[in-house]
Amino acid sequence: MLYLSAVRYIDQKNKHEKKVQQRITDKQQRSHSDLLFEKMNTTCTGVIKIEQLTNILKQYKEGAALETVELALQAYQDQTQLSSAQFFDLLVNVHLTLNDAMGGGEKFDDLLKYIDSQLPPLNSSDRTRIHNRQQWLKRIRNISFRTLDNLYKEVMDIIQKDSDTFGNPPPKHLSIYIALLNDDRNQLRYVATTKDQENLLLDKALQQGEGVSFQVLETGKWAYFNQTKKHTRIKFFNPLAQKQSGSFVIIPLKRLQQTHAYGLLGIDTIQDKKEKAFVQHEVQFYEGIASALADIFTFVDFDKNMMKILQRFTYWIKQRCSNVSTVDYYTYEPASMNNPAERLLKHVIRYSNGNLTTFDKPKTINSREQVFKYHLEHAAVTCQSIIASFLGQTHMIQAIRGRDNFCFALIDTIIGEKEELQSSEKQDLISMYTCISKSVDELEEELIHDTIKRVLNYEQKSDKKRLTYIFDRTWYTHICDTIKQLSSEKVQEFINDKTQWNDETKQILSLISRIVKQKELDPNEYIEGLLPLMIEFDPTAEEHVQNNLWAGVEPLIQTIDRSIWQQPSSDVIKIFYDWLNLAYELKTFSKAQ
């Protein structure tokens with residue numbers, strides 16, 4: 023027995039070491055690939071044309087590997103340009119395909135060196151301009167997404183400095199501004215401007231249909247206007263500016279090759295006494311800046327929506343888990359976007375005694391907390407949930423995994439001196455952890471792939487409500503999925519066990535039956551007549567929101583005796599209760615203005 027345990031331990035250790043080594047190799051390959059991409063990204067837009075790369079790859083090994091390379095490139099035949107991540111994926115795909123075809127022995131670095139050797143040389147002035155701009159973009163990406171004022175100032179300074187350094191002389195007077203969309207995407211608000219525009223634009227709003235801005239957002243493509251006084255579609259906040267003529271470029275703040283934009287970056291020369299046009303390489307650099315800003319706003323947006331998820335999570339902790347004393351939320355976030363592998367633990371939220379505190383400046387875990395920090399970092403690095411004891415308190419630390427399979431945050435649920443929660447609370451907590459993970463997946467899918475999931479009626483009407491209550495809707499659909507998976511035998515067993523039904527059980531079933539079916543059903547009709555309708559039921563649909571029967575749900579929820587969960591077949595009645603509770607909650611806030 024001991025021998026088998028030792029063998030299993032060694033096997034697990036070897037697997038872990040191989041996994042760690044593969045991560046190191048992947049990281050090194052990505053680093054080398056990014057350096058080559060940077061060299062090819064001469065426009066500083068953050069994308070390169072795929073044609074230049076494929077032409078080089080087809081000549082690899084003096085053309086002897088042409089068929090193999092073309093096979094690997096088939097998956098990219100519909101693309102015209104590549105981001106750094108796509109560039110790396112393509113090269114890995116080519117390398118693996120070649121390695122299989124050649125019987126092994128192909129080195130990834132050899133492929134990179136060959137591509138590097140085939141790049142056309144740059145003259146010294148182009149080299150200087152590209153190098154400076156790439157360093158400036160790195161400076162922008164180095165700024166924490168939590169310090170937006172610093173970010174805005176850096177962007178304005180870099181754009182003006184770039185114009186002074188690389189623009190056509192004499193230097194242009196630039197007016198620069200950043201406007202962000204609201205949650206419902208029907209209003210743009212100016213959040214940052216150069217000093218000459220502060221009184222005119224700062225905190226002002228642009229409504230949908232005004233000017234050309236929303237058209238740029240819809241198309242996802244930048245627009246350039248020379249001689250602005252000739253263009254009637256431009257919205258001038260200063261009427262006098264209509265008589266002046268300058269150049270105006272407006273660029274959507276969107277991640278590369280995505281359609282979702284966070285807002286706009288605008289730059290004009292209207293205040294310049296002479297009419298000054300922008301040259302192509304300047305606008306291309308502004309595209310690169312807009313892309314870097316959008317990457318940072320992705321973090322901002324994700325963090326903002328995570329706060330909404332956590333607010334709802336702690337709301338339900340208060341309702342369902344009375345033995346949880348404290349919940350702490352820690353992010354495990356990159357120190358900068360230029361070095362995502364270096365991560366810091368930051369204490370962002372604390373829920374205690376029914377009160378939720380969000381720290382305006384998240385606290386970095388310091389050396390005085392090293393013992394506890396070890397537990398947090400162990401959970402973060404391994405991306406595994408753990409239970410730890412610290413200063414006599416039991417901590418249930420849940421690691422939250424992103425789409426890259428790395429941990430980006432931790433939820434520390436503290437239950438005091440108890441070793442574990444009672445059964446129903448533990449079950450609720452596990453369900454809530456599951457729903458946080460599902461909500462995170464959905465957020466990432468939306469932010470990265472522009473895929474928006476709208477399930478219930480209220481989500482069609484308001485993106486703000488959809489994002490505020492994404493956790494509740496996820497839990498509701500999770501319960502509906504659980505109902506779908508209930509076996510007929512289990513439900514029938516519950517129905518047959520009526521001797522264990524108390525008044526509250528009967529109330530729960532009666533309310534669900536009348537709300538969903540508009541009449542009282544015989545329990546024997548539940549399997550075929552009620553459960554399928556519950557799975558498809560939308561409590562936020564207009565015809566259901568107005569149902570007067572909801573008035574009886576709240577007093578039942580507030581006075582429910584949790585001891586009914588301890589009875590035989592209690593898991594079935596708990597599922598019914600959970601469904602009713604979540605349906606009521608969704609109905610209530612969808613109805614609120």
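Here the sequence shown is numbered in the numbering used here, starting from 23 and rising by one per residue. Where is the CB? At the ideal position from N, CA and C, for every residue including glycine. All of these numbers come straight from a predicted model, not from anything done at the bench.
| query | For the candidate residues G189, F110, G127, whose alpha-carbon lies nearest to that of S147? | reply | G189
| query | Is it true that the region 447-463 meets the region 493-509, where meeting means three or more beta-carbon pairs spaced less than 8 angstroms apart? | reply | yes
| Counted within 10 angstroms of its Cβ, other Cβ atoms place V69 as buried (16 or more) or exposed | buried
| query | Is V234 helix, strand or coil by DSSP? | reply | coil
| In terms of alpha-carbon separation, which member of K276, S358, G231 lies closest to I256? | G231
| If L58 sits next to I137, beta carbons under 8 angstroms apart, how far is it from one beta carbon to the other, in whole angstroms? | 6 angstroms
| query | Just how far apart, CA to CA, sit D560 and L286? | reply | 36 angstroms
| said: Between which two residues does the beta strand (DSSP E) holding P142 run? | reply: Looking at the DSSP string, P142 is not in any beta strand (DSSP E), and its letter there is neither H nor E.
| With respect to the alpha helix (DSSP H) encompassing R342, which residues constitute its N-terminal and C-terminal limits? | 302-342
| task | Report back the beta-carbon spacing between L571 and I537 to the nearest angstrom; my notes put them in contact at under 8 angstroms. | result | 5 angstroms
| field | Where L24 falls, given that 16 or more other Cβ within 10 Å makes a residue buried | value | In this prediction, L24 has a pLDDT of 48, which is less than 50 and means its spatial position is unreliable; nothing more can be read from the coordinates.
| query | With a CB to CB cut of under 6 angstroms and the five nearest residues on each side skipped, what residues in its chain are close to I318? | reply | F167
| Where L489 and L315 are concerned, what is the direct C-alpha to C-alpha distance, given to the nearest angstrom? | 22 angstroms
| Which of helix, strand or coil DSSP assigns to Q156 | helix
| query | Below 8 angstroms, can you find three or more Cβ-Cβ pairs linking the region 339-359 to the region 427-436? | reply | yes
| Between S461 and R476, what straight-line distance do the alpha-carbon atoms span, to the nearest angstrom? | 12 angstroms
| Cβ-based neighbour list, S106, same chain, cut-off 6 angstroms, excluding 5 preceding and 5 following | D56, F59
| field | Burial state of Q381, where buried means 16 or more other Cβ atoms lie within 10 Å | value | Per the sequence presented here, residue 381 reads as Phe, with Gln not at that position. Classification of F381: exposed, given that the 10 Å Cβ count is below 16.
| request: Locate the alpha helix (DSSP H) running through Q182, then write down its first and last residues. | output: 170-188
| said: So V594 and V513 are supposed to be a Cβ contact under 8 angstroms. How far apart are they, rounded? | reply: 6 angstroms
| query | Going by beta carbon distance, what residues of the same chain come within less than 6 angstroms of F300, once the five residues before and after it are set aside? | reply | S269, V271
| task | Leaving aside the five residues before and after I474 along the sequence, list all residues of the same chain whose C-beta is less than 6 angstroms from its C-beta, in chain order. | result | E468
| task | Give me the Cβ distance between S407 and Q415, rounded to the nearest whole Å; I'm assuming they're in contact under 8 angstroms. | result | Not really, about 17 angstroms apart at Cβ, beyond 8 angstroms.
| Once you ignore the five residues that flank Q280 on each side, which residues in its own chain have a CB closer than 6 angstroms to its CB? | D472
| field | Best match in S612, L159, A401, G233 for proximity to F258 [C-alpha to C-alpha] | value | G233
| For L366, the nearest candidate out of K385, C66, N375, D225 (CA to CA) | K385
| query | Would you call D544 buried or exposed, if buried means 16 or more other Cβ atoms sit within 10 Å of its Cβ? | reply | exposed
| In the DSSP assignment, what residue or residues form a beta bridge with S374? | T348, N377
| task | Give the DSSP-derived three-state secondary structure of I517 in the structure shown. | result | helix
| Is it the case that the Cβ atoms of T250 and D206 are separated by a distance below 8 angstroms? | no
| query | Quick one, are the C-beta atoms of S197 and Q293 less than 8 angstroms apart? | reply | yes
| With DSSP run on the structure shown, which of helix, strand or coil describes Q50? | helix
| task | Just the C-alpha distance for S389 and H397, rounded to the nearest angstrom, thanks. | result | Annotation note: pLDDT 48 at S389 (below 50); position unreliable, coordinate value reported separately. So the alpha carbons of these two residues sit roughly 13 angstroms apart.
| query | Who are the near neighbours of T65 in its chain, counting only those whose CB is closer than 6 angstroms to its CB and skipping five residues on each side? | reply | Q306
| said: Count Cβ pairs between the region 337-350 and the region 210-227 that sit closer than 8 angstroms; are there 3 or more? | reply: no
| said: To the nearest angstrom, how far is the alpha carbon of N248 from that of N154? | reply: 27 angstroms
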